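Position one of the sequence shown corresponds to residue 1 (UniProt numbering), numbered consecutively onward. A short worksheet on the structure shown next.
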Amino acid sequence: PSSESVTCHRDRMEVEFSGELGNYSWHVCVVDVSGEEMVSCNYTVDYERLLLSVLFVNCTSLEHDQHLLRLRLVANDTVGEEKNVTYSTHCNNVHADEIITPFFAGATNCTKDFMAVRCPALQVPATPVAWTLSIDDRTRIHQMSLGQAMQQGYNLLDDGHNLIFQVAFTATGVVSYKHNDKALYTVALKLMYGPPEQRLTVESRMLCAPGPAICNATHMTVAIPAFPGTLMAVGVENKTIPMDRLQENGIALDTKRGVKLHISRGVLKSRLHGGSCSGLQSYMSSLKLSFHFHGETVAMVMHPECPCDQHAPIAAVCTPDGYMDFEILADSTTPPLDLDALRLRDPACQPAFRSLLNDRVWFHVPLNGCGTRYWFDGEKIVYENEVRALWTDFPLHRISRDSEFRLTVLCSFSNGDASLSIRVDNLPPLASSMNQGPLSLVLLSYPEGSYRHPYRDDQYPIVRYLRQPIFLEVQVLNRNDPNLHLVLDDCWATASQDPSSLPQWNIVVDGCEYNLDSYRTVFHPVGHGVSYANYRQRLEVKTFAFVSGDKALPGLVYFHCSVVICDRFQPDSPLCITRCPRPSRSKRESGVPGVNSAVASLTGPVLLVPERWPATQGSTPLSKEVWAGITITAAGILSLLATMLLFLALLKCLKRRASMVNVVC
């Protein structure tokens, strides 16, 4: 029997014995170099846990810059045979003034199975006997040989050019932070090679959040649970993005609980998923996050990816005779898809073949018909159609238990492909299609004109003085068609939450500033760096108050906007064509039929107060300067009154004297 692992602390060490000792009656003592027991040594033995805890002082000898511990283990087996073993173990001595120039490994490569660091500058053997490992979990230091470490979740690889150190998430000394199904793992380790006088040291604080990412129709979300670290930098594809420019690069940051990065799908790459998935997979090949953590800058490189997206474009086959061939399976959805409900853009086009089991259909679609579109991508010509099964296409019922389905199908030809002869007729433009689903809108308010971070729900009501600017933004959610764009219809303010309540004040009318307002609404452009800029409108309003008589009434004011969604190529409303000022005959008078419009209201009210409106009316004390002004003014008025009274008295006296002279004569 022998020791299995040694844990080094700052002033002591712990020796854990092999589990084989559980079959013996045994005891252990600390001895000196001559084999005599060291009676002055203070140590404890936990026979149930097979653990010896011993102080460095009075128990070890310092040899070759190591605390050397000698033990004598006496064990008796079941037949009474005694075994006496003397051996030694050690912990490295750490000097306060020790000068070591360690090599710090770079960013952690974070995968779903392990985390790893690479040491490109080291050209030393990766043999386990040559290395020792020290792990600090902030409660104690685990020290072990590399051979022992490889049995406890660590691995050292040599690819011929670099040393790669891998750590399992369950390895000894790894600390985890968890919330719901998300986890972050970290470990601080030190790899040492060679004797103390020529020691090579590699240090690394590893950090890894293995995911997986969460994806919806518009965004990928990377979530990291709360831990004692602060996000300092974000890098995408080897390009560092300043923290104040994340949003214009398609990344929204949420740090309320941990860190959440909402990454627009426009930033992501896509690839064929393969396997049982027939769709595309969105992914990011490199996402580097740098944190300030325990006084260090620690970075991890992630490779987030979305699960298989069955509704992503699938690759069809472009045939030399001018057709697009693809198949649709009934089990593409849950519950299974009703194959009879499948439609192309031209609903008159039907599948070319159906299986006997009615579990799949094949389409043979002409490249110049059935609503197929095309565009040029470099040296390729890409053809695209859409197959769908929507409730709006089903026979009219009160309810439906069938799955909805929408799939974009692509195929392409390049210069190297066989020649293709297709007749393309210039058909008249199709009537614009209406999206019958409800629009999902949001109206946001921002503290400044950079439109970086909107006010949170818990920050309402927002306090504003008269004529201060209010920066508003209208967004359409969950839409990603680049041919559609958002156009403002009307914006107005009310004194209550009800958008139709009175009184009202117009801010935008028919998409233009309100010409009866002396402070006109200012429209701000949306930069191209913002994700889905075509689904946003920004405007600036000067703060006002509703009045009663000739007085401004301080109180809560609610803002609302109505918008329309327009097709860039086939506008179906006069509002889709920007022209200000509008003709006198407005859209309401022209009887425009129902366009794709909706109303959004600001999350909370704005508290409007007149300028210099005191916090507590009638109870605000006047300043010393104000009292001095009042005193000087009052003194001047009294002096003027006294002068006037003296002048009147003098006139009266003169008049009496003239009267007396007349009597004597």
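Note that CB positions come from ideal geometry on N, CA and C, so glycine has one too. Quantities reported herein were computed from a predicted structural model and do not represent experimental measurements.
Which residues bound the beta strand (DSSP E) around residue i?
| i | result |
| --- | --- |
| Leu146 | First-last for Leu146: 146–150, but that is the alpha helix (DSSP H), not the beta strand (DSSP E). |
| Lys256 | Where Lys256 is concerned, there is no enclosing beta strand (DSSP E), given that its DSSP letter is neither H nor E. |
| Leu157 | 154–158 |
| Arg205 | 200–208 |
| Gly555 | 555–567 |
| Asp136 | 131–136 |
| Thr108 | 108–110 |
| Leu329 | 323–329 |
| Thr172 | Here Thr172 belongs to no beta strand (DSSP E), and DSSP marks it neither H nor E. |
| Ile381 | 380–389 |
| Leu407 | 405–413 |
| Asn84 | 82–92 |
| Val365 | 360–366 |
| Met115 | 114–119 |
| Phe293 | 287–293 |
Identify whether residue i lies in helix, strand or coil by the three-state DSSP scheme.
| i | result |
| --- | --- |
| Ala493 | strand |
| Arg479 | coil |
| Val15 | strand |
| Cys215 | strand |
| Gly235 | strand |
| Met192 | strand |
| Cys59 | coil |
| Asp340 | helix |
| Gln166 | strand |
| Gly22 | helix |
| Ile100 | Any reading at Ile100 needs caution, since the residue's pLDDT is 45, under 50, leaving its predicted position unreliable; the model's value is listed next. Coil at Ile100, not helix or strand. |
| Asp244 | helix |
| Cys8 | strand |
| Cys306 | coil |
| residue 686 | Residue 686 lies beyond the residue range present for the chain, which begins at 1 and ends at 665; the question has no answer from this structure. |
| Cys349 | coil |
| Gln504 | strand |
| Asn42 | coil |
| Ala533 | helix |
| Pro335 | coil |
Comparing C-alpha positions only, which one of the options sits nearest to residue i?
| i | options | result |
| --- | --- | --- |
| Gly106 | Leu339, Val33, Val6, Val202 | Val202 |
| His453 | Trp492, Met284, Val79, Val530 | Val530 |
| Cys91 | Gly250, Val117, Leu55 | Leu55 |
| Lys260 | Ala183, Ile328, Ala316, Tyr323 | Ala183 |
| Leu466 | Asp77, Leu356, Phe546 | Phe546 |
| Glu237 | Leu539, Thr108, Val301 | Val301 |
| Met192 | Met144, Thr86, Tyr323, Ile507 | Met144 |
| Gln281 | Ser518, Met243, Asn216 | Asn216 |
| Val57 | Leu73, Tyr47, Ser40 | Ser40 |
| Arg373 | Ser355, Leu287, Met324 | Met324 |
| Pro525 | Ser518, Asn515, Arg538 | Arg538 |
| Lys288 | Pro210, Leu357, Cys349, Ser355 | Pro210 |
Within 10 angstroms of its Cβ, does residue i collect 16 or more other Cβ (buried), or is it exposed?
| i | result |
| --- | --- |
| Tyr558 | buried |
| Gly527 | exposed |
| Thr521 | buried |
| Glu81 | exposed |
| Phe353 | exposed |
| Ala389 | buried |
| Thr172 | buried |
| Gly511 | buried |
| Thr186 | buried |
| Gly229 | buried |
In angstroms with no decimal places, state the Cα-to-Cα distance between residue i and residue j.
| i | j | result |
| --- | --- | --- |
| Leu52 | Asn155 | 27 Å |
| His303 | Ser134 | 29 Å |
| Asn385 | Met232 | 44 Å |
| Cys59 | Thr132 | 23 Å |
| Arg10 | Gln66 | 13 Å |
| Val298 | Gly378 | 41 Å |
| Tyr532 | Met150 | 49 Å |
| Ser204 | Val117 | 8 Å |
| Phe291 | Phe169 | 19 Å |
| Ile99 | Gly295 | In this prediction, Ile99 has a pLDDT of 39, which is less than 50 and means its spatial position is unreliable; what the coordinates show is noted afterwards. C-alpha separation (whole angstroms): 20 Å. |
| Leu69 | Ser88 | 5 Å |
| Gln497 | Val463 | 17 Å |
| Ser412 | Pro366 | 13 Å |
| Gly555 | Thr221 | 39 Å |
| Leu189 | Phe227 | 19 Å |
| Leu502 | Val487 | 25 Å |
Using a Cβ-Cβ distance under 8 Å, would residue i count as near chain C?
| i | result |
| --- | --- |
| Ser440 | This model lacks chain C altogether; it includes just one protein chain. |
Less than 7 Å between the CB of residue i and some heavy atom of the ligand NAP, yes or no?
| i | result |
| --- | --- |
| His485 | As far as ligands go, the structure on display features none, and thus does not contain the ligand NAP. |
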